[in-house]
Amino acid sequence: MAEQQKDDEILGKAYDSKIMRRLLTYVKPYKKYVVMAIIMNIIVAALPAVRPLLSKIALDTYIANKDYNGLLMISMIVLAVLILQAVVQYYLTYYSEYMGQKIVYDLRVQIFKHVQKLALRYFDKTPVGRTVTRVTNDVDSLNEMFSSGIVQVFSDVFVIIWIYVFMFGMAWDLALVVLLVMPFLIYATMVFRKKVRETYRDVRKHLANLNSYMQEHVTGMNIVQIFAKEKDELEKFSAINGEYRAANIKSVFYYAVFFPVVELLSAITFGLIIWYGGGEVIQSKLTLGVLIAFFQYTEMFWRPVRDLSEKYNVLQQAMASSERIFKLLDDETFIPDAENPVKLEKVKGEIEFKNVWFAYNPGEYVLKNVSFDIKPGETIAIVGATGAGKTSLINILTRFYDIEKGSITLDGIDIRQLEKRDLRKYISMVLQDVFLFSGNIKTNINLGNDEITDAQIIEAAKTVGADKFISKLPNKYEEEVKEKGATLSVGQRQLISFARALAYNPQILILDEATSSVDTETEILIQEAIQKLLVGRTSIVIAHRLSTIQNANKILVMHKGELKEMGTHQELLAKKGIYYRLYQLQYKDQEVVRTV
Ligand code: UTP
Ligand code: MG
Numbered sequence: 293m294a295e296q297q298k299d300d301e302i303l304g305k306a307y308d309s310k311i312m313r314r315l316l317t318y319v320k321p322y323k324k325y326v327v328m329a330i331i332m333n334i335i336v337a338a339l340p341a342v343r344p345l346l347s348k349i350a351l352d353t354y355i356a357n358k359d360y361n362g363l364l365m366i367s368m369i370v371l372a373v374l375i376l377q378a379v380v381q382y383y384l385t386y387y388s389e390y391m392g393q394k395i396v397y398d399l400r401v402q403i404f405k406h407v408q409k410l411a412l413r414y415f416d417k418t419p420v421g422r423t424v425t426r427v428t429n430d431v432d433s434l435n436e437m438f439s440s441g442i443v444q445v446f447s448d449v450f451v452i453i454w455i456y457v458f459m460f461g462m463a464w465d466l467a468l469v470v471l472l473v474m475p476f477l478i479y480a481t482m483v484f485r486k487k488v489r490e491t492y493r494d495v496r497k498h499l500a501n502l503n504s505y506m507q508e509h510v511t512g513m514n515i516v517q518i519f520a521k522e523k524d525e526l527e528k529f530s531a532i533n534g535e536y537r538a539a540n541i542k543s544v545f546y547y548a549v550f551f552p553v554v555e556l557l558s559a560i561t562f563g564l565i566i567w568y569g570g571g572e573v574i575q576s577k578l579t580l581g582v583l584i585a586f587f588q589y590t591e592m593f594w595r596p597v598r599d600l601s602e603k604y605n606v607l608q609q610a611m612a613s614s615e616r617i618f619k620l621l622d623d624e625t626f627i628p629d630a631e632n633p634v635k636l637e638k639v640k641g642e643i644e645f646k647n648v649w650f651a652y653n654p655g656e657y658v659l660k661n662v663s664f665d666i667k668p669g670e671t672i673a674i675v676g677a678t679g680a681g682k683t684s685l686i687n688i689l690t691r692f693y694d695i696e697k698g699s700i701t702l703d704g705i706d707i708r709q710l711e712k713r714d715l716r717k718y719i720s721m722v723l724q725d726v727f728l729f730s731g732n733i734k735t736n737i738n739l740g741n742d743e744i745t746d747a748q749i750i751e752a753a754k755t756v757g758a759d760k761f762i763s764k765l766p767n768k769y770e771e772e773v774k775e776k777g778a779t780l781s782v783g784q785r786q787l788i789s790f791a792r793a794l795a796y797n798p799q800i801l802i803l804d805e806a807t808s809s810v811d812t813e814t815e816i817l818i819q820e821a822i823q824k825l826l827v828g829r830t831s832i833v834i835a836h837r838l839s840t841i842q843n844a845n846k847i848l849v850m851h852k853g854e855l856k857e858m859g860t861h862q863e864l865l866a867k868k869g870i871y872y873r874l875y876q877l878q879y880k881d882q883e884v885v886r887t888v
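Each residue of the sequence shown is one higher than the last, beginning at 293 in this note's numbering.
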């Protein structure tokens with residue numbers, strides 16, 4: 293969490309040419325829209341600047357000469373300019389928003405694709421929230437930059453340029469006087485920007501604190517309530533909430549100062565125009581129309597300046613977001629596929645581990661020199677204390693992780709020579725923790741694979757004995773699964789995952805039996821289900837249930853990452869080694885219960 297915060301708070305430059313160049317590659321497919329947006333920007337920025345010019349003409353030429361027709365004509369032109377401005381503004385807003393959405397859509401797809409390819413090692417070291425934030429918040433801030441940020445910056449800059457062009461065109465000396473205020477304005481804006489940036493970072497930090505505190509407490513509400521911790525927790529919450537409030541108030545303060553300062557500068561400019569311009573009018577060096585046009589220009593001038601300082605933040609955030617997104621996209625923690633993968637036409641299901649060494653963290657081996665083989669159709673059981681390396685053995689067979697030394701072969705071919713997709717197609721897995729997706733029972737069994745028909749789903753469920761409870765649900769196979777299956781019992785969830793494994797009818801079946809206890813009836817159901825699952829396939833079972841172990845062709849006994857013993861139940865018992873002791877401790881009682 294702390295690291296995530298640090299990462300999420302990086303606010304660097306508002307413009308980084310390297311990042312910008314990379315961002316532009318996303319804009320490339322929409323070049324047409326960019327060109328259109330720029331042209332429309334130039335127009336939309338110039339149109340308001342035309343109005344004071346028109347009013348000057350109205351005053352100096354038509355009103356001064358009492359020309360009604362001319363006055364009517366100029367009014368019509370003003371109206372036309374206004375309508376044109378509204379129309380162009382509409383297209384500009386629509387197309388820049390449209391382009392922004394297209395770009396961030398592409399980006400989201402790209403990030404999602406990339407995340408799917410990442411190896412489990414990435415997910416081991418990265419908090420979930422961080423990956424999620426890349427697709428949501430970070431992409432959103434890019435959207436803001438693409439759709440309004442950049443466009444707005446362009447039009448603001450153009451508005452300022454146009455205003456000066458027109459002012460200098462009308463009276464260059466008065467334009468210079470107005471320009472005098474510029475340095476002060478730029479200075480004030482810079483100070484404001486810096487302060488706002490600092491306080492903004494503070495606000496984000498405290499908001500993150502508030503969020504994570506709230507999240508933890510909603511999740512752990514039962515613990516809070518049972519230990520009557522409400523009052524203490526409320527005090528802690530109030531403190532965090534107070535810090536957040538203080539940070540917010542501080543950031544509001546700078547806004548409250550900045551805007552009056554801008555007002556003040558604009559009043560000074562107003563005064564300068566009256567003093568200098570008015571003097572020139574008296575001396576007949578300047579017409580009244582020009583003076584009034586200048587008032588209008590200076591009025592127009594402040595909005596884009598203020599906007600620009602706000603857009604600076606948008607740009608800055610977008611740059612920081614892009615940096616984080618690109619960091620994720622550049623993370624190549626992949627499990628590589630072979631360049632010329634071998635295709636297996638038909639899989640027999642013969643597996644061999646040869647002197648396999650494996651570590652999650654470099655140097656810390658959790659599997660040491662493990663060798664064994666499984667003949668097609670055999671069932672082997674893996675037993676061992678918690679942390680012995682059982683789950684790790686199957687993690688490397690499915691290539692969730694790659695091994696350091698040695699080799700694993702399927703039908704005599706190194707699994708690194710096969711395509712991951714193919715390899716995993718041959719294997720079904722039932723894991724220790726059952727994971728159900730939101731959807732319904734059916735989609736949780738076929739995982740959205742339409743090749744698995746309804747009939748096959750029901751048959752799989754019947755075979756493993758899940759059909760019984762499913763058909764009692766109000767909507768049967770269409771019953772909604774919510775919150776990772778919170779409305780189902782642990783045993784029911786397991787049966788669903790068995791049905792899932794069976795529906796895919798794999799050559800190789802891997803079962804990481806859950807240790808969690810279920811009621812006796814479900815236990816029997818599960819045992820029967822397992823026996824049915826094992827028939828006719830190569831199976832590896834991390835076994836906690838006695839029946840599974842006794843029926844296995846071979847039992848592997850893992851101990852601290854090493855394969856210590858191997859043989860059938862009877863052979864291993866006779867050996868009086870680790871298995872014998874484990875059996876005495878762990879399985880003896882089960883047998884008593886079962887035989888009763
Ligand atoms: P395993 O996960 O292979 O143990 O971890 P196990 O035999 O299946 O244990 P139970 O019965 O399910 O509890 C083997 C070793 O690998 C480390 C663990 O700390 C353990 O010491 N490990 C596991 C990691 O370092 N990283 C992981 O992601 C998983
Ligand atoms: Mg395990």
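For each residue, glycine too, the CB sits at the ideal point set by N, CA and C.
Given residue i as reference, the closest of the options once Cα atoms are compared
| i | options | result |
| --- | --- | --- |
| Ser663 | Pro654, Ser699, Asn653 and Asp694 | Ser699 |
| Val469 | Trp567, His498, Asp494 and Lys405 | Trp567 |
| Leu838 | Gly641, Gln876, Asp694 and Leu472 | Gln876 |
| Glu631 | Ile617, Gln709 and Ile565 | Gln709 |
| Val644 | Pro628, Tyr307, Asn661 and Asn653 | Before going further, note that residue 644 is Glu rather than Val in the sequence given. Per the Cα distances, Asn661. |
| Ile672 | Gly569, Asn843, Ala651 and Lys528 | Asn843 |
| Pro349 | Val597, Val582, Thr683 and Ser720 | Note that residue 349 is Ile in the sequence shown, not Pro. Selected option, being the one with the closest Cα: Val582. |
| Ala378 | Ser530, Val336 and Leu346 | Val336 |
| Gln609 | Ile841, Gly563, Gly853 and Gly441 | Gly441 |
| Tyr693 | Val756, Glu863, Thr840 and Arg716 | Arg716 |
Boundaries of the alpha helix (DSSP H) in which residue i is found, first to last residue
| i | result |
| --- | --- |
| Val597 | Leu580 to Asp622 |
| Leu339 | Lys323 to Ile349 |
| Leu412 | Leu412 to Lys417 |
| Lys358 | Looking at the DSSP string, Lys358 is not in any alpha helix (DSSP H), and its letter there is neither H nor E. |
| Tyr871 | Ile870 to Leu874 |
| Leu466 | Trp464 to Leu471 |
Spatial distance of residue i from residue j (CA atoms)
| i | j | result |
| --- | --- | --- |
| Asn741 | Tyr505 | 39 Å |
| Ser831 | Phe519 | 46 Å |
| Ala548 | Leu557 | 15 Å |
| Phe551 | Phe458 | 26 Å |
| Ala263 | Val424 | This structure cannot settle anything about residue 263, because the visible part of the chain is limited to 293 through 888. |
| Leu471 | Asn435 | 35 Å |
| Val239 | Ser447 | A query on residue 239 cannot be resolved here, the shown segment of the chain reaching from 293 to 888 and no further. |
| Tyr796 | Gly641 | 15 Å |
| Leu607 | Ser613 | 10 Å |
| Gly869 | Ala680 | 16 Å |
| Gly731 | Pro766 | 15 Å |
| Val827 | Lys754 | 15 Å |
| Arg313 | Gly655 | 40 Å |
| Ser433 | Ile686 | 41 Å |
| Ser439 | Ala747 | 49 Å |
| Leu410 | Glu743 | 26 Å |
| Leu351 | Ala338 | 21 Å |
For residue i, the three-state DSSP class (helix, strand or coil)
| i | result |
| --- | --- |
| Asp629 | coil |
| Ala559 | helix |
| Val457 | helix |
| Thr755 | helix |
| Ala531 | helix |
| Val885 | Summary for Val885: the model assigns pLDDT 47, below 50, so the residue's position carries little reliability, and this model does not support an answer. |
| Asp706 | strand |
| Ser781 | coil |
| Val722 | strand |
| Asp804 | strand |
Bridge partners - residue i, DSSP secondary structure assignment
| i | result |
| --- | --- |
| Ala673 | Val833 and Ile847 |
| Ser309 | In DSSP, Ser309 forms no bridge with anything. |
| Phe903 | Any answer about residue 903 is impossible in this case: the structure gives the chain only from 293 up to 888. |
| Val658 | Val658 is not bridged to any residue. |
| Ile762 | None, per the DSSP bridge assignment. |
| Gly731 | Val773 |
| Lys697 | Trp649 |
| Asp494 | Answer by DSSP bridge pairing: none, since Asp494 is not bridged. |
| Val553 | Paired residues: none, contrary to the question. |
Boundaries of the beta strand (DSSP E) in which residue i is found, first to last residue
| i | result |
| --- | --- |
| Asn647 | Ile643 to Asn653 |
| Glu854 | Glu854 to Gly859 |
| Met513 | Premise fails: Met513 lies in the alpha helix (DSSP H), Met513 to Ile518, not in any beta strand (DSSP E). |
Cβ-heavy atom distance, residue i to the ligand NAP, below 6 Å
| i | result |
| --- | --- |
| Ala680 | What this structure holds is the ligand UTP and the ligand MG, not the ligand NAP. |
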